[in-house]
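Input: a single structure, listed below in structure tokens.
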Amino acid sequence: MGTERKRKVSLFDVVDETSLSAKIVKSNGAMGNNNNGGSSLINRWNGKPYSQRYYDILEKRKNLPVWHQKEDFLQVLKKNQAIILVGETGSGKTTQIPQFVLEAVDLESPDKRRKMMIACTQPRRVAAMSVSRRVAEEMDVTIGEEVGYSIRFEDCSSARTVLKYLTDGMLLREAMTDPLLERYKVIILDEAHERTLSTDVLFGLLKEVLKNRPDLKLVVMSATLEAEKFQGYFGEAPLMKVPGRLHPVEIFYTQDPERDYLEAAIRTVVQIHLCEPLGDILVFLTGEEEIEDACRKITKEIGNLGDQVGPVKVVPLYSTLPPAMQQKIFEPAPPPLQEGGPSGRKIVVSTNIAETSLTIDGIVYVIDPGFSKQKVYNPRVRVESLLVSPISKASAHQRSGRAGRTQPGKCFRLYTEKSFNQDLQPQTYPEILRSNLANTVLTLKKLGIDDLVHFDFMDPPAPETLMRALEVLNYLGALDDEGNLTKLGEIMSEFPLDPQLSKMLVVSPEFNCSNEILSISAMLSVCMYAVKEFMCPIRSSSATVLYGSHAPGWHVPSDSKEAQKAADEAKARFGHIDGDHLTLLNVYHAYKQNNEDPSWCYENFVNHRALKAADNVRQQLVRIMARFNLKLCSTDFNSRDYYINIRKSILAGYFMQVAHLEQSGHYLTVKDNQVVHLHPSNCLDHKPEWVIYNEYVLTSRNYIRTVLDIRGEWLVDIAPHYYDLQNFPQCEAKRVLEKLYRKRERRKEENRNRK
DNA sequence: GAGCACTGC
-19 MGTERKRKVS
-9 LFDVVDETSL
1 SAKIVKSNGA
11 MGNNNNGGSS
21 LINRWNGKPY
31 SQRYYDILEK
41 RKNLPVWHQK
51 EDFLQVLKKN
61 QAIILVGETG
71 SGKTTQIPQF
81 VLEAVDLESP
91 DKRRKMMIAC
101 TQPRRVAAMS
111 VSRRVAEEMD
121 VTIGEEVGYS
131 IRFEDCSSAR
141 TVLKYLTDGM
151 LLREAMTDPL
161 LERYKVIILD
171 EAHERTLSTD
181 VLFGLLKEVL
191 KNRPDLKLVV
201 MSATLEAEKF
211 QGYFGEAPLM
221 KVPGRLHPVE
231 IFYTQDPERD
241 YLEAAIRTVV
251 QIHLCEPLGD
261 ILVFLTGEEE
271 IEDACRKITK
281 EIGNLGDQVG
291 PVKVVPLYST
301 LPPAMQQKIF
311 EPAPPPLQEG
321 GPSGRKIVVS
331 TNIAETSLTI
341 DGIVYVIDPG
351 FSKQKVYNPR
361 VRVESLLVSP
371 ISKASAHQRS
381 GRAGRTQPGK
391 CFRLYTEKSF
401 NQDLQPQTYP
411 EILRSNLANT
421 VLTLKKLGID
431 DLVHFDFMDP
441 PAPETLMRAL
451 EVLNYLGALD
461 DEGNLTKLGE
471 IMSEFPLDPQ
481 LSKMLVVSPE
491 FNCSNEILSI
501 SAMLSVCMYA
511 VKEFMCPIRS
521 SSATVLYGSH
531 APGWHVPSDS
541 KEAQKAADEA
551 KARFGHIDGD
561 HLTLLNVYHA
571 YKQNNEDPSW
581 CYENFVNHRA
591 LKAADNVRQQ
601 LVRIMARFNL
611 KLCSTDFNSR
621 DYYINIRKSI
631 LAGYFMQVAH
641 LEQSGHYLTV
651 KDNQVVHLHP
661 SNCLDHKPEW
671 VIYNEYVLTS
681 RNYIRTVLDI
691 RGEWLVDIAP
701 HYYDLQNFPQ
711 CEAKRVLEKL
721 YRKRERRKEE
731 NRNRK
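Position 196 (the first sequence) corresponds to 176 in the working numbering; numbering is contiguous.
Structure representation (structure tokens):
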């Protein structure tokens, strides 16, 4: 996909060997250094002679750590259904283990036409893609043939594929149509320590599947300490450890707790630059604003030191940074200002992205203030939010490891050793304990898991979170009162969207506006930050402008008056006074009408990448609609009902996210009665009595973001089961709704009398 | 008139 960020995947620099070939080489004696190609052996997988390149790679692979444990591994695999394999960074497990397995397992299936496969899951798309490419190269086969990958929007595999790398979410999707995962002989869950939502669901699912499929084998691969926990969970599965390959990293703690970690981090950077030998610095901070602020301050402070010190290149790094800017982290440190002068240094200031997703070579010093932003979920108010929280010991360990990739390094932890030992939890809470589980529960139901309370989660979510999820799905009509999946729920579960979004999409043909709802769903689901940016072209900061100018959504103009004016005009062109959802629709329509032209996007402060991604999602959604014979339709644009139908359709999914304007001038969320404020990025020109909100953000105040004006009458018409006044807290909204219900009754009465 | 850890289908 074109919107993919280019990333250097850490696994990529680990190269191992193919055991099969190693064996052949051994048994053929002279083959090890037979490089003339003419009498090469035949590749078992594609029947072609091995290339020279194959042998070249093979030589390098022979030296890697995991290679020495191959026979042990295969022995254990033969005797057990499940294995836990622990390998630190650099062990080569991701590229190698699947090849070991491939060699040892019989892939013949009862259906002779097609072989069974080995699956290896990854939490991230880029990893699935790049690792599979690497392995195809090692095996001397064409990517997409014998070795392939499968990620959202791209299935690069064929009937010949025997080894497939895929995202964990993708394997979960496959399980929805193939509950026993019958096309796989062995499933390898890689990076299991990351405990993504999908990996955790797969844990529980596979535990069940293993009971029903004695021929299936499972390998759980993980990087850290939690191996014993995995072992216990999978019925005392045997544990294997593979050493990693890291240089030693010296850890330093502060004597006393730091009051201001940002200030302390900057001070530490300056000290390293003044006192420590050559080597680049990586600083972990929590978010974009903090990072840009730190970059400015570091540049300024080191600038103040004059030319007694070497020059520095300070580079920010976070996920919403455009790819071109992210590439800067791979540029070398600046050369000395004059020949023989003090050397330069690169200083990368990054979010957690540098902890797992991205590897920067040449880092010798890591500064770890001990915080990161983490998602937390409060089921009581059904709100997911981001909070700056202390990291875990495992996270601290991972961060310090970033200093030792190319040579021995140093890690400066900006907290005390006592605090490390006593205050930090061993592991970050798995995502499943920090999320709204409505979507997960829908997936589990579709997978045939009826009894969620007794489902064997490795870490069971709070009962309240599960109850909340069941309740939401019941209100949406995806589950009946007994908690069974309805026909509607079946269809909803097929969409890669949140339940509210899939509900509004599935019912949109009834409101005669599925074309428009498709576009809005795609825009909303691309990413939340894009939504915000779409709505909000102006940013006041100065030094960040450069970086933000290609951020999703609008381009951010420089501080000049003209640029701000131009951006304002662009916003006015697309803005819809009835709400942000409709503004999104306008932007999407304008984008299509202008033939998806990147320069049109640029001129109109619209982000091309984000829109291209939305378009891609939309196409996928259209295919799913077709599968269920959901018709694509629109109300006549000139009809008064055009926007009304769209708004009603959105309400059909989002009736649980409504706020009411009180006499006092404040908004209260319906039923929860939380005081909220319209996010200033909204495009409304008035304060509607009732609004739908897409997102609840807790920052300086309680904001509702991406809002839409709706009518109270629609609430009682479209969602009477939710606006059932019997179960309603006393409040202004209730009194208004009571009036609306009475009005509705009167209307009915009049109609009856007329007849 | 505010300020977005990171993924994924």
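Glycine is no exception: its CB is placed at the ideal position from the N, C-alpha and C atoms.
- For residue 484 against residue 629, the beta-carbon gap comes to about 5 Å, under 8 Å, which counts as contact.
- The region 577 to 649 contains, as complete beta strand (DSSP E) runs of 3+ residues, the segments 638 to 641 and 647 to 649 (chain order).
- Around residue 152, the same chain offers 178, 181, 182 and 423 as residues with beta carbons nearer than 7 Å, after the five sequence neighbours per side are excluded.
- Residue burial annotation: residue 24 is exposed, with fewer than 16 other C-beta atoms found within 10 angstroms of its C-beta.
- Three or more beta-carbon pairs drawn from the region 246 to 262 and the region 320 to 330 are found closer than 8 Å, and the two stretches are therefore classed as touching.
- Distance from residue 503 to residue 486 at the Cβ level is roughly 18 Å; contact not present, criterion being Cβ atoms closer than 8 Å.
- With fewer than 16 other beta carbons inside 10 angstroms of its own, residue 284 counts as exposed.
- If one requires a minimum length of 3 residues, the beta strand (DSSP E) runs lying completely within the region 249 to 291 are 260 to 264, in chain order.
- According to the DSSP secondary-structure assignment, residue 101 is paired through a beta bridge with 146 and 169.
- Separation of residue 173 and residue 203 (C-alpha to C-alpha, rounded to the nearest whole angstrom) is 6 Å.
- Taking all protein chains in view, the Cβ of residue 575 is surrounded by fewer than 16 other Cβ atoms within 10 Å, so the residue is classified as exposed.
- By DSSP's assignment, residue 62 forms a beta bridge with 198.
- When DSSP states are grouped into helix, strand and coil, residue 186 belongs to the helix group.
- Straight-line spacing of the CA atoms in residue 362 and residue 432 works out to 19 Å.
- Looking at the DSSP output, residue 230 sits in a beta bridge with 390.
- Between the alpha carbons of residue 112 and residue 128 lies a distance of about 6 Å.
- Beta-bridge analysis with DSSP links residue 128 to 144.
- The beta-carbon separation of residue 61 and residue 190, rounded to 6 Å, stays under the 8 Å limit for a contact.
- Of the candidates 33, 626 and 240, 33 places its Cα closest to the Cα of residue 121.
- Within the region 664 to 718, the beta strand (DSSP E) runs of at least 3 residues that lie entirely inside it are, in chain order, 670 to 678 and 682 to 690.
- Residue 437 places its beta carbon 9 Å or farther from that of residue 601.
- Following the DSSP letters along the chain, one finds residue 571 inside the alpha helix (DSSP H) bounded by residues 560 to 573.
- Around residue 690, the same chain offers 627, 631, 670 and 672 as residues with beta carbons nearer than 6 Å, after the five sequence neighbours per side are excluded.
- When Cβ pairs closer than 8 Å are counted between the two stretches, the region 446 to 456 is seen not to touch the region 400 to 410, the count staying below three.
- For residue 220, there is no enclosing alpha helix (DSSP H); the residue is found in the beta strand (DSSP E) stretching over 219 to 222.
- Here residue 29 carries a strand assignment [DSSP, helix/strand/coil].
- For residue 492, there is no enclosing beta strand (DSSP E), as DSSP marks it with neither H nor E.
- CA-to-CA, the gap between residue 266 and residue 330 works out to about 8 Å.
- The distance from the Cβ of residue 263 to that of residue 347 is about 4 Å, consistent with a contact at the 8 Å cut-off.
- Looking only at 103, 78, 105 and 109, the smallest Cα-Cα distance to residue 97 is reached by 78.
- Excluding the 5 residues flanking it on each side, residue 56 has same chain C-beta neighbours closer than 8 Å at 63, 218 and 220, in chain order.
- Remark: fewer than three beta-carbon pairs, one from each stretch, lie closer than 8 Å, so the region 158 to 167 and the region 26 to 42 are not flagged as touching.
- Under the three-state reduction of DSSP, residue 426 is assigned to helix.
- By DSSP's assignment, residue 351 forms a beta bridge with 370.
- Within the model, the alpha-carbon separation for residue 211 versus residue 157 is close to 29 Å.
- Counting the other Cβ atoms within 10 Å of the Cβ of residue 381 gives 16 or more, which makes it buried.
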